[in-house]
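Down below is the structure, laid out as C-alpha cells.
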Amino acid sequence: MRFTRFARAVLLVLTMLATAFAASVVPASAAPRPTIVLVHGAFADTTSWDGVAADLRGRGYTVVVPDNPLRGPGYDSAAIEKTLAGISGPIVLVGHSYGGAVITNANNPNVKALVYVAAFAPAQGEPVMLALDPIRFPGSQLLPPALQVKVVDDAQAIGGKNLDGYIADDAFHRVFAPDVSDATAATMLAHQRSIALWANIEPSGPTSWSATPSWYLVSAGDTVIPPAAQRFMANRIGAHTSEVQASHVALVSQPRVVADAIVAAADAT
C-alpha cells in the first residue's frame, strides 16, 4: 500500500515536471512564421515573383504579392502599406529593382526584416537615378535606344496623362533578362509594365532600413543596376549581403537562390 502511494506520488511529480517543461518550450516552437511580401520592380508585374513565391509556399510560408503601381516611391509605398496593414503578425518585406525604393519608403511596425534583390536602396532625399550614375557606377545598359518613353493614361497625373519609360522589345532579353530562355523572356516581355519617369527622380522619404534589419542579394551579372552600385547601397544600409551570379532578374533565373536569401532573413526574425 505504501509503495503504491509512493509510486503514485512520484508519477504525479513527474507528470507535473513534464507539463511545466512542455509549457516552457511551446511558445518558442509555436512562434508564427512571418508572412513574406514580395514587391516587384519596373518593367515587370507580380508574375516576376512566381518562381520564388512557389518555392517559399512549398516551404510553408504565407506569401503575398501585391501590385506595385510604378508611379513613384511615395505613391507606391502608400499602396503597399495598405497591403501590409491587412496582415497580422511579423512580415518580411522584399523588393526587387525599383521595388527596393518602394519598400524603403514603406513603414509598418510588423515588418521585421527587409530584403533587397538587385534593388535600389536610396537614402532619404535621394532619387533612384543616383544609383545609375555612370561615373561612379558604370555598366548599366538601361539607356536609349533600349530605354524608350511613351505617353500613358494616368489618373494620378495632372491632366490624366504621364510620361512612362519601358524597354524596347528588341532589347528586352539582352538588357533585362539575358540569363533566361527565349521563351521565358518572351513571357516576361508580354508582362512588361512601364514606369513613370517621375519615379526615377522623386526624392526618397524617410528610410525604413534605418530601423529595420536588412538583407541584400547582389546580382553580380546585372546590366541594369551595376553590381558596384548594389554593393555600395548594401554596405551603406548595413545589410547582410550575399551575391548570386545572375542578371538583373535572378528572381526568375535563379528563384531557389533568391528564396534562400529571403528565408535567411525570415529565420533571423
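Just add 1 to wherever you are in the sequence shown, counting from 1, and you've got the numbering used here. C-beta: ideal position from N, C-alpha, C; glycine also. Predicted, not measured: the structure shown is a model, and the values here were computed from it.
I think residue i touches residue j, with their Cβ atoms under 8 Å apart; what is that distance to the nearest whole Å?
i, j, result
"GLY140", "PRO227", "4 Å"
"TYR117", "ALA240", "7 Å"
"LYS151", "ASP134", "Rounded, the Cβ-Cβ distance is 25 Å, inconsistent with contact."
"THR105", "ALA122", "6 Å"
"HIS249", "THR270", "In fact, because the Cβ distance is near 27 Å, the residues do not count as touching under 8 Å."
Are the Cβ atoms of residue i and residue j separated by less than 7 Å?
i, j, result
"SER211", "TYR167", "no"
"ILE238", "SER209", "no"
"VAL40", "ASN69", "yes"
"PRO91", "LYS113", "yes"
"ILE81", "PRO67", "yes"
"GLN125", "PRO207", "yes"
"LEU143", "ASN109", "no"
"LEU57", "THR213", "no"
Going along the chain, which residues of its own chain have a beta-carbon closer than 8 Å to the beta-carbon of residue i, five neighbours each way excluded?
i, result
"VAL219", "ALA119, PRO228, GLN231, ARG232, ALA235, THR242, SER243, GLU244, VAL245"
"ALA169", "PRO146, ALA147, LEU148, GLN149"
By how many angstroms is the C-alpha of residue j removed from the C-alpha of residue i?
i, j, result
"ALA29", "ALA107", "In this prediction, ALA29 scores a pLDDT of 44, lower than 50, which makes its location untrustworthy; no coordinate-derived value is stated."
"ASP154", "ASP268", "42 Å"
"GLY101", "ALA79", "14 Å"
"ARG72", "HIS192", "17 Å"
"GLY96", "ILE37", "11 Å"
"SER98", "GLN157", "22 Å"
"PHE22", "ASP183", "Annotation note: pLDDT 46 at PHE22 (below 50); position unreliable, no value reported."
"MET189", "ALA55", "17 Å"
"GLY222", "PHE138", "14 Å"
"ILE263", "GLU127", "26 Å"
"PRO35", "ALA43", "26 Å"
"GLY61", "TYR217", "23 Å"
"ALA45", "VAL259", "17 Å"
"ASP77", "LYS83", "10 Å"
"ASN111", "LYS162", "36 Å"
"ILE159", "VAL103", "22 Å"
Grab me the residues of residue i's own chain with a C-beta within less than 6 Å of its C-beta, minus the 5 sequence neighbours each way, in chain order.
i, result
"ALA265", "none"
"ASP261", "none"
"PRO33", "GLY90"
"HIS174", "ALA186"
"ALA172", "ALA147"
Ordered along the chain, which non-local residues of its own chain (more than five positions away) have a Cβ less than 7 Å from that of residue i?
i, result
"MET130", "ASN201, ILE202"
Exercise for review: Please determine if the region 248–259 and the region 48–66 are in contact, where contact requires at least 3 C-beta pairs separated by less than 8 Å.
Suggested key: yes
Check your understanding: So, do the region 200–208 and the region 171–178 have three or more beta carbon pairs nearer to each other than 8 Å?
Key -> no
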